[in-house]
Amino acid sequence: MAEPDPENLSSGAGQRLGAPETLGISTLDPGHKPPAMPPGRHVTVTVRMLDDTEEVFDVSQKASGKVLFDLVCSHMNLIEGDYFGLEFQNHKSMMVWLDHIKPIIKQLRRPKNTTLRFSVKFFPPDHAQLLEELTRYLFALQVKQDLSSGRMMCNDTSAALMVSHIIQSEIGDFDESHCRSHLLNNNYIPDQMPLIDKIMEFHSKHIGQSPAESDFQLLEVARKLDFYGTRLHPAKDREGSKLSLAVAHTGVLVFQTHTRINAFNWSKIRKLSFKRKRFLIKLRPDLNSSCQDTLEFLMASRDCCKVFWKICVEYHAFFRLFEEPKPKPKPMLFTRGSSFRFSGRTQKQVIDYVRESEFKKIPFERKHSRVRYSSRVQHNSRLSPLPSPRHHEVPSESGVPEDFSSSSPPRRHWKESVLVSAEDPAASRTSKMSPNHQRNGHEDRKESVSKPEESRGSTRQMSPEHPSKGVAPHSPPPSGHPHGMVNGQKSLELCSNSLDGRQPSPLTSPLLNDACSIRTDDEDEVRRKRFPTDRAYFIAKELLTTERTYLKDLEVVTVSFQSVVEQDEATPDSLKNTILSTFEPLHKFHTGFLREVEQRLAMWEGRSNAHIKGDYQRIGDVMLNNLQALKPLTTNMHKHSDILLELEKACKASRRMENLCRDFELQKVCYIPLNVFVLRPLHRLIHYKQILERLCKHYPATHEDFRDCRAALADVSEVVDQLQGSLLKMENLQKLLELQKDLLGVDNLVVSGREFIRLGCLSKLSGKGLQQRMFFLFNDVILYTSRGMTPTNQFKVHGQLPLRDMTIRESEEEWGVPHAFTLVGQGQSVVVAASSLTEMEKWMQDIKMAIEMAKTSNGPTSDALTCTLTDNKCPEDSTAEAESEDDTTALHTSLEKPAPHRGNTMVHVCWHRNTSVSMVDFSVAVENQLSGNLLRKFKNSNGWQKLWVVFTNFSLFFYKSHQDDYPLASLPLLGYSVTVPTENENIHKDYVFKLHFKSHVYYFRSESEYTFERWMEVICSATVSSSQARLLNSKDPHPH
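Our numbering puts the sequence shown at residues 1 to 1040.
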């Protein structure tokens, strides 16, 4: 009798300690070299891929199964390989999975005569957890195979809908004659003829859907079926009734004929074991259930029991454990039970690793697809890199590569040499010389991925007349393919939207354009000695640099947006007039003000009238005169909220106006949300106040500039104090309007009395385990959402928790989940876990404060949130999703083609960085804007690159110069740490600070001690908690 350790099934997480070293490398460890192959004869092994092509791999027969599996994954550049496996028919004619730990010689009796199948092994509950398009494509091929073989049984409506998505991916948009001919020549389901008309009807509704979107929609339909990802194992119950057992992410399933009759969740199972032909399931005691404690099923043989028991153990470990389980110690004398254990990464480790790492997307082909879109291009493809690397072909005796053209499935021969580490200097040099070699495996993907986490400033549309802007060095496009194609998608340089309609992640980061100027150290020293070193000069220079950025921001509204709305008849005249009358005078005034500041700084630096420069080494008189002239223009600034409301009203009244504003926000010039630009004039007054406060603190009372600075400070402080209350309300309104666009399923988030408090990532505990969710805390309700692969880039609302009568408590010990706490509301409770202790404390503090506010205030009630939450019910919140004849939900998600929204807002950054941001953090970030020239250096580069850098909205935006209209790239700072380089980093320069997040490292060099302190101060405000940010903001600048 073989029994797994009970702890295997009950413990919250396994341990990696003591795990034996395996031959080969993990598909998720691209930075390591493969170990030397064990001695022995090499054999060729044939693997049939999911697209029915066959590949031949050359491995040592003493190597472990992991070596062969890594060869296969590396050949396909597959990062999320842990969802897959290699299965084969053993000597007892049973289909089994290749064991990663055992040597190949002990598993394959005749390797040359055995064909292994590369298949999906673990089917996750939500295909949105598959982060790469290639992985989803492989899952779609598996679903296609299961449909064709009859393994995935479903009703006719679901079958027709899935086939329509498959042929949309293969032949493109609907053409009646072409579609009918294709269906007559190709069978996708066993009994296809009666369903051809229904398939064509569904296909006609997918016009414009790309192959990648078709894959996603196919998986969306398939995942709701009872037979999705199931492998049936025949069995009988105690009465002799014929049954079938299967395993899924939720637990063990029981089927009778074509119906699922029972399901045993992992949380209810105490132990799985087998004894001879009997498979045993021991359940945890349940007083509310009449089910017996131990269930017994009779299978055909002991081997059948063992095969099913093994896959159950692996499924449980993969989906339920946090880490790979610890191996059992070897007994000294006697063995009891099986030593088998799950070997590899768990699903949580896979998701965390892929999210935290930046891989370069490698082009792949779709074998069956003949679709080529002009605006949403997708490659036809099979499962191999593009093109086939010649240096991996095994030469024949004549020295010519083998000819694989035959009537059998196409084959190629691959050796272990495919696993070349990117850390190997020789390999790195070869990679830079050969584009083909650069695409060999995912090791190169990690090495050649563009530098850390800058996102292109064009996470919006890039104009086609500049196709080569921002392309990373040594990363030429694949030959024979459109420039910038990545995994069948346009790269960030060419397109702001990926094929599934979503904008690229704000965390991907092509290199900046190499045309940016680079200044030598000697030139920098000469320049530093030539210009003034007085602290007041650098404070005045901060006024100049930030004024340049502010004027550019005004031009976004007065020039770019104004030109768009004037040409469109859908824009109400009242809105046009309001924008024009509000911003045009401000733009005119600040243009003149900037000219005066530039002239004064030029005199101060001695570039003009150098012989009388002593009279011009001050800035207070310029600020005093201009702030007095600005005062009349500030009288109506409290009405900027009217512009926000009028703009929102116009978008609700007109779909055309809504599309116009959304399209404008996707342009490169609108690098932050449009509503933020509307509030810029109020924020600028706060910046003037801060600059004058620093000048007054620096000057002695006897200085000639002190009196003017103090008078100017009094004037601007009076205006700021008058507008402070209105500004807080407008910032809250702006944030609610921004969140309204990010959320799908809420109709009226913006109501009187509602205040935004915090947003961020938490893991929600459900029957499926911990599921990443985005939480939004307001003063009356908590919303929790998920980010699916939707074309709109929005977060789908799954539920709301009213704060009235809510309680909150820590529950880490109760559930065995780190940093967990429980929210108990009206008839419901939710258990969530934060990513760290600090995050948990921030959430609990803000929620407790919000609960107290809800008790005492007369804010909006939970009824004010009218939304379609019943339609958006989260899968883990229901015990089962029954399949219906008319799957309206699947149809709805398949056929609607909404336009994309911004994909680089702070909500998306928090989702990717698994962190949170409060309203206080937003306010502090607004007060700590900064811009100016910095020298930037990457971790492994030699030279310093001069860039114009703007800090705002928790991000750094990089420009070639201050005259540019839009940024080249951006770097969200949430999660980053800012420090000073250590001695062993060999940065022998003054005023250098370091930004680092996991493996991503940047060095920035400022021109003076003052600018160094200021950059450290503002960046700290974006990388620390709100309480620390407030503290930093109130203290004097100081070096870190």
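We put the CB at the ideal spot given by N, CA and C, even for glycine.
For Pro802, no alpha helix (DSSP H) segment is defined; the enclosing uninterrupted segment is the beta strand (DSSP E) at 795-802. Counted as a single uninterrupted DSSP element, the beta strand (DSSP E) harbouring Asn265 occupies residues 259-265. Lys268 is the residue among Trp97, Lys268, Met200 whose C-alpha sits nearest the C-alpha of Gly767. Judged by DSSP secondary structure, Glu1013 falls within the alpha helix (DSSP H) whose first and last residues are 1009-1023. In the three-state reduction of the DSSP assignment, Gln667 falls in the coil class. According to the DSSP assignment, Cys761 belongs to the beta strand (DSSP E) that extends over 756-766.
Three or more Cβ pairs drawn from the segment 796-807 and the segment 775-787 lie within less than 8 Å of each other, which places the two stretches in contact. Residue pairing from DSSP places Val247 in a beta bridge opposite Val252. CA-to-CA, the gap between Met623 and Gly606 works out to about 20 Å. In this structure, DSSP gives Phe538 a helical state, which the three-state scheme calls helix. Contact check for Phe364 and Leu644: beta-carbon distance about 45 Å, past the 8 Å limit, so the pair fails to qualify. The residues Ser244, in chain order, have a CB closer than 6 Å to that of Phe255 in the same chain once the five nearest residues on each side in sequence are set aside. Ala714 counts as exposed, since fewer than 16 other C-beta atoms from the protein chains shown sit within 10 angstroms of its C-beta.
Spatial neighbours of Asn187 in its own chain (CB-CB distance under 6 Å, excluding positions within 5 residues in sequence) are not present. Considering only Ala820, Met95, Glu755, Leu554, the residue with the shortest C-alpha distance to Ile851 is Glu755.
Cβ contact annotation for His687 (same chain, cutoff 7 Å, sequence separation greater than five): Thr546, Gln929, in chain order. Cβ atoms of Lys842 and Ser916 come within 8 Å of each other, at about 7 Å. For Ser60, the uninterrupted beta strand (DSSP E) run begins and ends at 54-60, by DSSP. Ile539 is the residue among Asn779, Arg595, Ile539 whose C-alpha sits nearest the C-alpha of Arg618. Short of 8 Å from the beta carbon of Ser148, and not among the five residues preceding or following it, lie these beta carbons of its own chain, in chain order: Asn187, Tyr188, Ile189, Pro190.
For the pair Ala650 and Pro572, the CB atoms are nearer than the 7 Å cut-off. Beta-bridge pairing by DSSP links Met95 to Gln89.
Comparing alpha-carbon positions, the option among Ser1021, Gly229, Asp215, Phe322 lying closest to Met153 turns out to be Gly229. In the structure shown, Ala834 adopts coil according to DSSP, grouped into three states. Taking C-beta atoms under 8 Å as the contact rule, Cys910 and Ser835 fail to qualify, at a distance of about 11 Å. For Gln771, the three-state secondary structure derived from DSSP is strand.
With respect to the C-alpha of Leu633, the residue from Ser581, Val59, Phe778 having the closest C-alpha is Ser581. Per the coordinates, the alpha-carbon of Arg600 lies some 19 Å from the alpha-carbon of Gln963.
Taking a contact to require three or more Cβ pairs closer than 8 Å, the segment 552-567 and the segment 581-598 qualify as touching. Between Ala570 and Met637, the C-beta gap is not smaller than 7 Å, which leaves the two residues out of contact. Ranked by Cα distance from Thr115, the first of Glu54, Gln145, Ala63 is Glu54. When the Cα atoms are used, Leu575 and Leu736 turn out to be separated by approximately 20 Å. Residue burial is scored here from C-beta neighbours: Gln828 has fewer than 16 other C-beta atoms within 10 angstroms and is therefore classed as exposed. The distance from the Cβ of Val716 to that of Lys689 is about 5 Å, consistent with a contact at the 8 Å cut-off. Membership of Glu132 in any beta strand (DSSP E) is not indicated, and neither H nor E is assigned to it by DSSP.
Distance from the CA atom of Ile199 to the CA atom of Lys282, rounded to whole angstroms, is 45 Å.
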